[in-house]
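Structure, as structure tokens:
Laid out in structure tokens, this is it:
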């Protein structure tokens, strides 16, 4: 990797005062915050250490880690939590460094297998295309034409509906992929993608792909992942790592997964093959026993129509022992037959059936102290799941031992100005509290002028969030606050129930467009929000990774402090684990986790130096409870207010001059 420069390449020569980036972009201005972080990342690469770098919004953290990563001369993976940031890194920031600074490097953009057309499965599907509706069938001619033209096989090139059901039969997963035994292996789009990745200096992926690949690679059963071997990792939006990792280090068996296995088994041999009847009968046996199991499961597990999750326990799983045994016997018979044949399709059926039988046994026992077990209803699917309670050990065993350099960065890593919570959850300390590797920390403040640009409204006259009438009182407050800013508001909730109820109480009374999460796809909601003054009622996915700069968003209302529900099986298991160590789960886990989540919600408001607006926290506990200090000290230093009249004067009053807006990346 080289660049035609007249001076030695370093983060200082590229990002420092009078550096190459300032010379290449007249509108760009050097920022000390960005250079400080870039130097810390450069040091981590040079000495082989782990870095926790909290970089406030607007510091330019993307370039601050990309430049030293590209100069390190090592194969680096950059992993992001959202597709939006993944696209920004690959399609905006990397071209900037290549075109404006003349850096020479190869980069690859990778998604999970399910995003790419599987040529082998396409051949099978084309012989007898089946669709769930006429509307889906109308897409078939367009899709067939695309197959003859595409160079990537990425479904993003097509304008397919998100719900296009046939795609699951046209793509593959790590479980269903035939790997090197596939007849289309050399021409496979995933194989091509992996070859590009092997030749690249820098790989841009997302957290889910990274941990799916890591789990597969470190399972001991199959070693061929999507990612090639790499030397170092940069985790952007690292606050989302724990949830992403825990989802891939466990196991899950669902009615969907068993249906897919049965369907693939039937399709593995042609109807004229003399073995087809036997294979089909065995597949149908698995399907019928699976249908019986998942029909009984909700009642046996104590799952009501109002509950989407319920913990799995040995005594409740015992009620399903007969049905589970029948499914396992069916899987064993299918695996035995498929394992005696030579075709790669049947070898894959053999492996999948054996794995599912093993996982069902693990789920039925529900006895590992290191795991949490639960059932989750989602749409027409029922999932039996197990995940490690604590991903710290998994990360130490699977990742840290193989890499000497890992960079974790986000706008929210420190709780109450300390990195201890994140570092411990990520396994950088052992059970005795000793660091397992060299760990450095850095907190780079945001360049934004929060006291001038933002106000934090903290009303204390509302009822406690657990008191009757809270959501009704909150609805009235929402209406008053929207009058101050003329709508242009996100109203963020910690529960879908409160979100829907507040929308019902306010939507018809607001003189602005009222939008509700779930009524349209996320991007369509954001497009509508930007086009006209609106009030968006949202939860979960809108707390982070959403960027609406400018006047379109001037108000963020948060209904209550975002404590994770202790009724969530994974949260409950983590609480019990901390208690078993003789520690206090509220201080060690629940409070710092909620403080980080609140910072993410606050972070939706101020995205540029020209932005200005209000964050309203309707939960009085942030002021009345002692632990409120932790939340307040974790937030940016906005101007605090308790009265809407004062708030209106501030928002609508004269504004101090805004400093020159600097190019922010």
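Residue numbers (this note's numbering): 58 to 722. Glycine residues also receive a C-beta, built at the ideal position from the N, C-alpha and C atoms. As the structure is a prediction and not an experimental result, all values here were calculated from the model.
Pairing residue 679 with residue 515 gives a Cβ-Cβ distance under 8 Å. Put simply, of 512, 510, 447 the residue whose alpha carbon is nearest the alpha carbon of residue 486 is 447. Judged by DSSP secondary structure, residue 308 falls within the beta strand (DSSP E) whose first and last residues are 308-311. As computed with DSSP, residue 110 is found in a beta bridge with 466, 499.
Shown here for residue 669: same chain residues with a beta carbon closer than 6 Å to its own, the five before and five after excluded, namely 510 in chain order.
Counting C-beta atoms within 10 angstroms of its own C-beta, residue 469 has 16 or more neighbours from the protein chains shown and is therefore classed as buried. For residue 614, the enclosing beta strand (DSSP E) has its first and last residue at 612-615. Distance from the CA of residue 506 to the CA of residue 513, rounded to the nearest whole angstrom, comes to 14 Å. In this structure, residue 340 sits near residue 319, with a CB-CB distance shorter than 8 Å. A direct Cα-Cα distance of roughly 37 Å separates residue 673 from residue 440. Contact annotation: the region 163-177 touches the region 255-263, with at least three C-beta pairs closer than 8 Å. Separation of residue 450 and residue 366 (C-alpha to C-alpha, rounded to the nearest whole angstrom) is 26 Å. Residue environment: residue 321 is assigned as buried (16 or more neighbouring CB atoms within 10 Å of its CB, all protein chains considered). Between residue 134 and residue 242, the CB-CB gap reaches or exceeds 8 Å. For residue 260, the secondary structure class from DSSP, reduced to helix, strand or coil, is strand. When the beta-carbon positions are compared, residue 501 and residue 549 stay at least 8 Å from each other. The region 98-105 makes contact with the region 114-126, as at least three CB pairs between them are under 8 Å. The three-state reading of DSSP puts residue 431 in strand, counting E and B together. In the structure shown, residue 335 adopts helical secondary structure according to DSSP, grouped into three states. By the criterion of a C-beta distance shorter than 6 Å, residue 398 is surrounded by no residue of its chain, once the five residues flanking it on both sides are discounted. Pairing residue 189 with residue 222, the inter-Cα distance amounts to about 7 Å. The Cβ atoms of residue 301 and residue 264 lie closer than 8 Å to each other. Residue 109 and residue 482 have their C-alpha atoms roughly 13 Å apart. Within the same chain, 461, 462 come within 7 Å of residue 105 by CB-CB distance, once the 5 residues on both sides are set aside. Burial check for residue 111: the Cβ neighbour count within 10 Å reaches 16 or more, so the residue is buried. Fully contained in the region 214-299 are the following alpha helix (DSSP H) runs of length 4 or more, in chain order: 224-227, 246-256, 264-274. Distance between residue 186 and residue 325, taken at the CA atoms: about 15 Å. Buried is the label assigned to residue 229, since at least 16 other Cβ atoms lie within 10 Å of its Cβ. At least 8 Å separates the beta-carbon of residue 423 from that of residue 358. Residue 692 carries a coil assignment under DSSP once its states are collapsed to helix, strand and coil. For residue 658, the enclosing alpha helix (DSSP H) has its first and last residue at 648-659. Comparing alpha-carbon positions, the option among 437, 393, 184, 119 lying closest to residue 91 turns out to be 119. Beta-carbon to beta-carbon, residue 418 and residue 303 are separated by about 21 Å, too far to satisfy the 8 Å threshold. Burial of residue 138 is indicated by the presence of at least 16 other C-beta atoms within 10 angstroms of its C-beta. With a cutoff of 8 Å on beta-carbon distance, residue 545 and residue 610 are scored as near each other. Taking 8 Å as the cut-off, the beta carbon of residue 231 is found no closer than this to the beta carbon of residue 178.
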